[in-house]
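Structure, as structure tokens:
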RNA sequence: GGCCGAGUGGCAGAGUGGUCAUGCAGCGGAUUGCAAAUCCGUGGACAUCGGUUCGAUUCCGGUCUCGGCCUCCA
């Protein structure tokens, strides 16, 4: 049984989808005006794991992750660059897809874009006006009337009164209440805009997610996810919009992942302390980054640092070293590793605990491999299968270990083999100084040798 | 200021009312020509002050510290 922490109730709950065997999940994706940073990578990897695992549990999953391709930041950035906004967004959408693929993130089933859903957005706004939850301001903007929605603040644990205290009032504001938020923004000159019953304009940020999720998944669906910074106001506003428009409960389980941090501070665009996925992938392998993200439970902070990435590198080397040389086999039966792995995953996706189980599996493989090759192979198959549920450990072990972690490739595989052969000859002649000199030479080139009864193997380390 | 969340061994990071996390690093041993890899063993922790309890790192309360949201942000 899967247990999920539901932000709506602030408690772990047994997961029961609305329709047996079907899970409908919506995750807030990126606003595409720049490259993905590690925070975006975390969202993608975390919910990739959720989707993969639910599928492994046998659910028929519909996973929707949207793209916000029109908003103020996009317009500003496009103006700065002197290019049409859709040229800008297409470029960053392509970059995001590359980053996601590199990190082993499977594509969502649907990836709707705001600009493709203007009719749905407009009709939801019309319904909100009809139902008394929204009003047209004098300047053609349409606002959500926050006070018309009794439950406003439930998800984020805020009361309208508390919010009011900190609310910012813009001079000349056309809103009835400072907390009201825009559903439709009337177009300023030279801005991208669409026709609407309220004149030309564009959607507010929050309405697109309500309109697209409802269209794709129905009035009520199972899981809605995103970064913790979206809890308020974005997700709070989505609830107000969707429930205001449909009259039905919006989402059953709300999941928010914690932030990536640097030096105990949130990594964010505004603080300027972010690393893009690309920058990190120049120095670390994709699987190392993915592993690093999973070393922390998804709701906890994830502290970024070279030390942590180096640790991920070492961990994967240990995993693949255990897998190296094991023949293909059927996964072992009758061990409790699988059961413990699943117990960890089903406890709100406790990936650190699940990884701990995999390490114990590694130790067991290493322990038995010398006198129970078949047993080791079966355990290795189990390790691969379980790792696969996390999107890890799917490479050929030998290839992985020889592929190295960014070491220079001054020496080709053939050169290395030649040196190993020369060293072997020296060893047979008991010429230890010659043998060690060759080993040192390789070590300087980033090649680590490992002698065993079966011969000498090497890896880039 | 309001509302959340967190403080675990050298580092990272789970978890639990009373025996073990796990990985890296350290130490001892096995193995090795020497290494590497691997295995075995091992030291070291639960911010702080009270309370509940036979017993608390784990539950409750105070204090301190840190982070987040309250404005765009994954």
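Residue numbers (the working numbering): 57 to 517.
Just so you know, even glycine gets a beta-carbon here, dropped at the ideal spot from N, CA and C.
- Message: Quick check: the Cα distance between residue 353 and residue 196, rounded to an integer number of angstroms?
- Response: 45 Å
- Task: Can you have a look at residue 116 and say buried or exposed, based on whether 16 or more other CB atoms are within 10 angstroms of its CB?
- Result: exposed
- Message: Given this structure, state the Cα-to-Cα distance separating residue 145 from residue 89, to the nearest angstrom.
- Response: 6 Å
- Query: Hey, how far is the Cα of residue 399 from the Cα of residue 58?
  - Reply: 9 Å
- Within 10 angstroms of its Cβ, does residue 363 collect 16 or more other Cβ (buried), or is it exposed? exposed
- Task: Return the chain-ordered list of same chain residues with a C-beta closer than 8 Å to the C-beta of residue 114, the five sequence neighbours on each side being excluded.
- Result: 77
- Got a sec, what are the start and stop residues for the alpha helix (DSSP H) residue 444 sits in? 429-445
- Item | For residue 60, the residue or residues it bridges with in DSSP | 69
- Task: For residue 456, name the three-state secondary structure that DSSP assigns.
- Result: helix
- Item | Extent of the continuous beta strand (DSSP E) to which residue 265 belongs | Note, residue 265: premise wrong, no beta strand (DSSP E); alpha helix (DSSP H) at 261-273.
- Message: Using C-beta distances below 8 Å, list every residue in its chain close to residue 424, excluding the 5 sequence neighbours before and after it, in chain order.
- Response: 431, 432, 435
- Task: Using alpha carbons as the reference points, say which of 220, 380, 199 lies closest to residue 237.
- Result: 199
- Can you grab the Cα-Cα spacing for the pair residue 483 / residue 491, in whole Å? 6 Å
- Counting only the same chain and skipping the five closest in sequence on each side, list residues whose C-beta sits under 6 Å from that of residue 33. Lying outside 57 to 517, the shown extent of the chain, residue 33 is not represented and no answer is given.
- Query: Near residue 61, which residues of its chain fall below 6 Å by C-beta distance, leaving aside the five closest residues on each side in sequence?
  - Reply: 68, 404
- Query: My guess is that residue 232 and residue 243 are in contact by the Cβ rule of under 8 Å, so how many angstroms apart are they, rounded?
  - Reply: Between residue 243 and residue 232 the Cβ distance is about 22 Å, and since that is not below 8 Å, they are no contact.
- Task: For the beta strand (DSSP E) containing residue 506, list its first residue and its last residue.
- Result: 503-508
- Beta-bridge pairing of residue 403 - partner residues as DSSP gives them: 59
- Cβ neighbours of residue 168 in the same chain (closer than 6 Å, five flanking residues each side left out): 122, 268
- Task: Report back the beta-carbon spacing between residue 120 and residue 165 to the nearest angstrom; my notes put them in contact at under 8 Å.
- Result: 7 Å
- Below 7 Å CB to CB, which residues in the same chain sit around residue 273 once its five sequence neighbours on both sides are set aside? 80, 82, 118, 120
- Query: Taking the DSSP output, what are the residues bridged to residue 490?
  - Reply: DSSP lists no partner for residue 490.
- Query: Should residue 313 and residue 161 be called a contact, given that it needs their Cβ atoms to be closer than 8 Å?
  - Reply: no
- Item | Residues near residue 66 by beta carbon distance below 7 Å, same chain, minus five either side | none
- In or out: residue 447 buried (at least 16 other Cβ within 10 Å) or exposed? buried
- Message: If you follow the beta strand (DSSP E) that residue 277 is in, where does it begin and where does it stop?
- Response: 277-283
- Query: Per DSSP, residue 480 is paired with what?
  - Reply: According to DSSP, which records beta bridges pairwise, residue 480 is partnered with nothing at all.
- 8 Å Cβ shell around residue 384 - same chain, five flanking residues per side excluded: 433, 437
- Query: Apart from the five residues just before and just after residue 463, which ones in its own chain have a Cβ nearer than 7 Å to its Cβ?
  - Reply: Its pLDDT being 47, under 50, residue 463 is placed unreliably by the model, and nothing is read from it.
- Message: For residue 153, report the span of its alpha helix (DSSP H) as first-last.
- Response: 141-158
- Query: For residue 458, which residues from the same chain have a beta carbon less than 8 Å from its beta carbon, with the 5 sequence-adjacent residues on both sides left out?
  - Reply: 469, 514, 515, 516
- Query: Within the chosen definition, does the region 343-353 reach the region 363-372 through at least 3 CB pairs nearer than 8 Å?
  - Reply: yes
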